[in-house]
Amino acid sequence: MTSTWTNGLGEGTAPPHWVRDADGHHYCLVCRRERAIDAALEEAGEVGIVARAKLRSQAVVKFEIARDPERTEGEIARAAHTSIGAVRNARKEVAA
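The sequence shown runs 24 to 119 under our numbering.
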């Protein structure tokens, strides 16, 4: 996605939930989730379709935990479209 500032404005601030990386690129929340998925799939290498689906889900859950670890498991589960049990398992994995 490409976004620009309103004509005539100088450098603005990023919208809520956007981040700026070291290269100065801004990423929205959806893009950040996709980048987490891409990184997990790249790290896994060649895996089957079922394993890829599981990795995608786990990557989003871990991203959401890292993004705001203080949120409840229910809130993270809703954001990641998964179960509370999956969030609990991911929290244990991240803590280990």
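Glycine included, C-beta positions come from ideal geometry on N, C-alpha and C.
query                                                                                                                                                             : result
With a 10 Å radius around its C-beta and 16 neighbouring C-beta atoms as the bar for buried, classify E69 as buried or exposed.                                   : exposed
Using DSSP bridges, identify the partner residues of H49.                                                                                                         : R43
Nearest CA to the CA of K85: which residue from A37, K115, D46 and T36?                                                                                           : K115
Mapping DSSP to helix, strand and coil, what is R94?                                                                                                              : coil
Say whether the region 103-117 touches the region 76-93, bearing in mind that this needs 3 or more beta-carbon pairs closer than 8 Å, one atom from each stretch. : yes
What's the C-alpha gap between E93 and R55?                                                                                                                       : 19 Å
Starting from A113 and walking both ways along the alpha helix (DSSP H), at which residues does that stretch end?                                                 : I107 to A118
To the nearest angstrom, how far is the alpha carbon of A102 from that of V42?                                                                                    : 18 Å
When burial is assigned at 16 or more other CB atoms within 10 Å of the CB, is E65 buried or exposed?                                                             : exposed
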